[in-house]
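Novice: One point on numbering: in my numbering, the residue at position 11 of the sequence shown is 425, and numbering is uninterrupted.
Virtual Cβ for every residue (Gly too), placed ideally from N, Cα, C.
Fair warning: this is a prediction, and the values are worked out from it, not measured in the lab.
Would you mind keeping the following structure in view while I ask a few things?
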Amino acid sequence: MVNSCGTSDQDNGKIVESHDDSVSDYVTSSPLDCSLTFQVPSPYTNILFQFRFFEITSSLTTTTTSNPTSISPIGTTQSAADVCDGVGAHVTFYDGSSSSAPVLSGPVCGSSTPGSVITTTGNLTMRLVISASSAQVSFVGDYTSFHSGSCTGGNLFQCTNNRCIAFDLTCDQTGIDNCGDASDQSFGPPANCNRKSVSLNT
415 MVNSCGTSDQ DNGKIVESHD DSVSDYVTSS PLDCSLTFQV PSPYTNILFQ
465 FRFFEITSSL TTTTTSNPTS ISPIGTTQSA ADVCDGVGAH VTFYDGSSSS
515 APVLSGPVCG SSTPGSVITT TGNLTMRLVI SASSAQVSFV GDYTSFHSGS
565 CTGGNLFQCT NNRCIAFDLT CDQTGIDNCG DASDQSFGPP ANCNRKSVSL
615 NT
């Protein structure tokens, strides 16, 4: 992500990493205000984003939750923004093509994996802000373009939850749940993954 700040990406589905050495190392850029926008191709109308690995913590604190509002030091309840300000980094998702669109989720920080994000539009903007050199930032996620309802036309896959995704996202070798209900990775119907193996476009 940090190598693509200010750009947009349009795809059926793709893995999104904080940086080239995600999981094994931390982002070294600070301060940083980086936004990346995902756009759906036709015929899709919405985007599903899910984290697979997530760590936005501080070397100076022991924050271990992606829901900072549950932290109540000295009998008070801090907002997510306050806690993430203390960490010195956070991610926020916006339901549109820029950070001026309505907030979908965030700010999020911590070491627990946040919940999935689903847009109401065909655009999703992801913004990573790092304000402190003590912030430890590393994550891996993926986004999937989809629409709800029947899958008409070729090269489409009908998820059990009634979402329609690109057929080439089924049974990918990385086992990514693009449907959101894992039906695109099922060994029996509807995906029949024991009969084929298709790689995710990364």
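What span of residues does the alpha helix (DSSP H) with C498 cover, start to end?
Specialist: Segment A494 to V501, the alpha helix (DSSP H) holding C498.
Novice: In the DSSP assignment, find the beta strand (DSSP E) that holds C578 and state where it starts and stops.
Specialist: Run containing C578: R577 to A580, per the beta strand (DSSP E) assignment.
Novice: Closest to F467 by CA distance: which of C565, V430 and A596 is it?
Specialist: Answer by Cα proximity: V430.
Novice: Name the residue from F465, L518 and S444 whose alpha carbon lies nearest to the alpha carbon of A546.
Specialist: Of the candidates F465, L518 and S444, the one whose C-alpha sits nearest the C-alpha of A546 is S444.
Novice: Applying the criterion that 16 or more other CB atoms from any shown protein chain within 10 Å of the CB defines a buried residue, is F507 buried or exposed?
Specialist: So F507 ends up on the buried side.
Novice: How should T490 be labelled, buried or exposed, when 16 other C-beta atoms within 10 angstroms of its C-beta is the threshold for buried?
Specialist: Model confidence at T490 stands at a pLDDT of 39, short of 50, so the residue's coordinates are unreliable; what they give is reported in the following sentence. Looking at its Cβ environment, which holds fewer than 16 other Cβ atoms inside 10 Å, T490 is exposed.
Novice: Closest to C498 by CA distance: which of G524, S513 and S519 is it?
Specialist: Cα-wise, what sits closest to C498 is G524.
Novice: Report buried or exposed for P457, applying the criterion of at least 16 other Cβ atoms within 10 angstroms of its Cβ.
Specialist: With fewer than 16 Cβ atoms within 10 Å of its Cβ, P457 is classed as exposed.
Novice: Could you tell me how far apart the beta carbons of P516 and V505 are, in whole angstroms, since I believe they sit closer than 8 Å?
Specialist: That belief does not hold up - the Cβ atoms of P516 and V505 are roughly 16 Å apart, past 8 Å.
Novice: Quick one: residues in its chain with C-beta nearer than 6 Å to the C-beta of P487, no 5 flanking neighbours on either side, listed in chain order?
Specialist: Caution applies to P487, whose pLDDT of 36 falls short of 50 and renders its modelled position unreliable; the model cannot decide the point.
Novice: So is S480 buried or exposed if we call it buried at 16+ other beta carbons inside 10 Å?
Specialist: Note that S480 scores a pLDDT of 43, beneath 50, so its modelled location is shaky and nothing firm can be said.
Novice: Could you give the distance in angstroms between the alpha-carbon of P482 and the alpha-carbon of G602?
Specialist: Legend: pLDDT at P482 = 40, less than 50; position of this residue unreliable, value from coordinates given subsequently. If I take the Cα positions, the gap works out to 39 Å.
Novice: Count the other CB atoms, across all protein chains shown, that sit within 10 Å of the CB of L474; report buried if there are 16 or more and exposed otherwise.
Specialist: The residue is exposed, with fewer than 16 neighbouring Cβ atoms inside 10 Å.
Novice: Is the number of C-beta pairs between the segment 447 to 466 and the segment 538 to 558 that are closer than 8 Å three or more?
Specialist: In short, these stretches touch, since the Cβ pair count reaches three.
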